[in-house]
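2 protein chains.
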Amino acid sequence: MTTIELPLTERPDDQAVAGCCAPAAGDVVDTGTARDLARQFKALADPTRVQLLSIVTAHEGHEACVCDLTEPVGLSQPTVSHHLKILVEAGLLEREQRGRWAYYRAVPGAVAGLADAVSTLTPSPATASA
Amino acid sequence: MTTIELPLTERPDDQAVAGCCAPAAGDVVDTGTARDLARQFKALADPTRVQLLSIVTAHEGHEACVCDLTEPVGLSQPTVSHHLKILVEAGLLEREQRGRWAYYRAVPGAVAGLADAVSTLTPSPATASA
Numbered sequence: 001m002t003t004i005e006l007p008l009t010e011r012p013d014d015q016a017v018a019g020c021c022a023p024a025a026g027d028v029v030d031t032g033t034a035r036d037l038a039r040q041f042k043a044l045a046d047p048t049r050v051q052l053l054s055i056v057t058a059h060e061g062h063e064a065c066v067c068d069l070t071e072p073v074g075l076s077q078p079t080v081s082h083h084l085k086i087l088v089e090a091g092l093l094e095r096e097q098r099g100r101w102a103y104y105r106a107v108p109g110a111v112a113g114l115a116d117a118v119s120t121l122t123p124s125p126a127t128a129s130a
Numbered sequence: 001m002t003t004i005e006l007p008l009t010e011r012p013d014d015q016a017v018a019g020c021c022a023p024a025a026g027d028v029v030d031t032g033t034a035r036d037l038a039r040q041f042k043a044l045a046d047p048t049r050v051q052l053l054s055i056v057t058a059h060e061g062h063e064a065c066v067c068d069l070t071e072p073v074g075l076s077q078p079t080v081s082h083h084l085k086i087l088v089e090a091g092l093l094e095r096e097q098r099g100r101w102a103y104y105r106a107v108p109g110a111v112a113g114l115a116d117a118v119s120t121l122t123p124s125p126a127t128a129s130a
């Protein structure tokens with residue numbers, strides 16, 4: 001009996017494999033950037049924290065007393081303080097104690113930087129196929 | 001013995017409470033928007049998923065075969081498929097089966113919408129204090 005050996009690279013399946021892989025056309029975020037972004041996205045992966053960040057940045061001077069933040073989100077001060085701590089740890093807010101109240105301020109450039117980063121994940125017309 | 005009742009609203013502590021609360025100057029995201037945003041942020045709260053979204057959007061036509069995605073992130077195809085499924089469920093990617101391969105495409109407008117939403121969380125000069 002005669003055995004015919006077919007070169008593996010000519011199998012239809014392998015052609016399909018070879019044909020499937022188009023090169024990337026635009027910039028891809030590196031591992032370190034992806035890790036930093038994921039950390040900030042994780043801090044915002046909760047509706048209350050999205051609202052709290054929104055309320056703080058909407059306030060005059062982009063800062064708010066913790067006493068301003070409990071009523072809008074309908075939660076107790078310890079719970080609100082817990083959420084705010086996560087936003088501080090993610091570098092999105094900074095905290096300052098003034099007398100009996102803690103004040104939270106949007107970190108200049110931090111949220112803007114996140115917005116820019118999300119924009120880099122957005123499909124641009126330049127990388128669209130014809 | 002005579003008991004003097006002091007009106008609660010005139011206690012120094014309550015004055016401090018009243019004095020602490022500055023009004024919000026800008027727009028605040030509503031509960032429904034906060035919930036939708038948090039869902040998408042949660043999908044991106046992982047470095048691998050940030051990278052996968054970045055790779056897909058950087059590809060020509062903003063789409064990539066799953067076979068293109070395993071090597072850049074250094075993970076097995078089942079693991080990559082799991083991450084991609086989370087991005088699909090968050091409405092950021094859509095999946096199409098073509099023969100033996102699944103292709104993932106950036107949902108038009110979805111990531112751009114997320115970038116716009118993050119921008120609304122960004123402190124703007126208009127709401128800065130003098």
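In order, the protein sequences belong to chains W and E. Anchor point for the first sequence: position 68 equals 68 in UniProt numbering, and the numbering is continuous, going up by one each time. Anchor point for the second sequence: position 43 equals 43 in UniProt numbering, and the numbering is continuous, going up by one each time. We treat Cβ as the ideally placed atom computed from N, Cα and C, and that holds for glycine. A quick note: this is a predicted structure, and the numbers were derived from the prediction, not measured.
Next on the checklist: At the level of alpha carbons, what is the spacing between residue 142/E and residue 81/W?
Outcome noted: Past the boundaries of the shown model lies residue 142/E; chain E is included only from 1 to 130, so the question cannot be answered.
Item to check | Identified DSSP bridge partners for residue 102/E | outcome: Numbered from 1 along the second sequence, position 102 holds the residue referred to as residue 102/E. For residue 102/E, which the question treats as bridged, DSSP gives the partners 97/E.
Next on the checklist: Counting only C-beta atoms, is residue 87/E closer than 7 Å to chain W at any point?
Outcome noted: The sequence position of residue 87/E within the second sequence is 87, counting from 1. Cβ-Cβ to chain W under 7 Å: no for residue 87/E.
Next on the checklist: Since residue 75/E and residue 121/W should fall inside the 8 Å C-beta cutoff, what is the C-beta to C-beta distance between them, to a whole number of angstroms?
Outcome noted: As a first step, residue 75/E must be located in the second sequence, where it is residue number 75. As a first step, residue 121/W must be located in the first sequence, where it is residue number 121. About 19 Å separates the two Cβ atoms, so there is no contact after all.
Checklist entry - Cβ atoms of residue 48/W and residue 73/W: under 7 Å apart, would you say? => result Locating residue 73/W in the first sequence gives position 73, where the first residue counts as 1. Locating residue 48/W in the first sequence gives position 48, where the first residue counts as 1. Yes, these two residues count as a Cβ contact at 7 Å.
Item to check | Euclidean distance between Cα positions of residue 94/W and residue 68/W | outcome: Along the first sequence, one-based indexing puts residue 94/W at 94. Along the first sequence, one-based indexing puts residue 68/W at 68. The straight-line gap separating the alpha-carbon atoms of residue 94/W and residue 68/W is approximately 16 Å.
Item to check | Nearest-angstrom beta carbon gap, residue 62/W and residue 134/W [assumed within contact, 8 Å] | outcome: This structure leaves residue 134/W out entirely; chain W is present only between 1 and 130.
Item to check | Rounded straight-line distance, which links the Cα of residue 64/W to that of residue 17/E | outcome: Here residue 17/E corresponds to residue number 17 of the second sequence, with the count starting at 1. Here residue 64/W corresponds to residue number 64 of the first sequence, with the count starting at 1. Since pLDDT at residue 17/E reaches only 42, below the 50 mark, its modelled position is unreliable, and the value read off the structure follows with that caveat. About 13 Å.
Item to check | For residue 64/E: DSSP bridge partner residues | outcome: Within the second sequence, the letter at position 64 stands for residue 64/E. Its beta-bridge partners are 104/E.
Next on the checklist: Output needed for residue 55/W: all residues of its chain with C-beta closer than 7 Å, excluding positions within five of it in sequence on either side, in chain order.
Outcome noted: For the purposes of this step, residue 55/W is taken as residue 55 along the first sequence, with counting starting at 1. These residues qualify, in order along the chain: 64, 69, 72.
Item to check | DSSP state of residue 109/E mapped onto helix, strand, coil | outcome: The residue labelled residue 109/E in the question sits at position 109 within the second sequence. Coil, per DSSP.
Checklist entry - Using a beta-carbon distance below 7 Å, is residue 102/E in contact with chain W? => result As a first step, residue 102/E must be located in the second sequence, where it is residue number 102. Not an interface residue.
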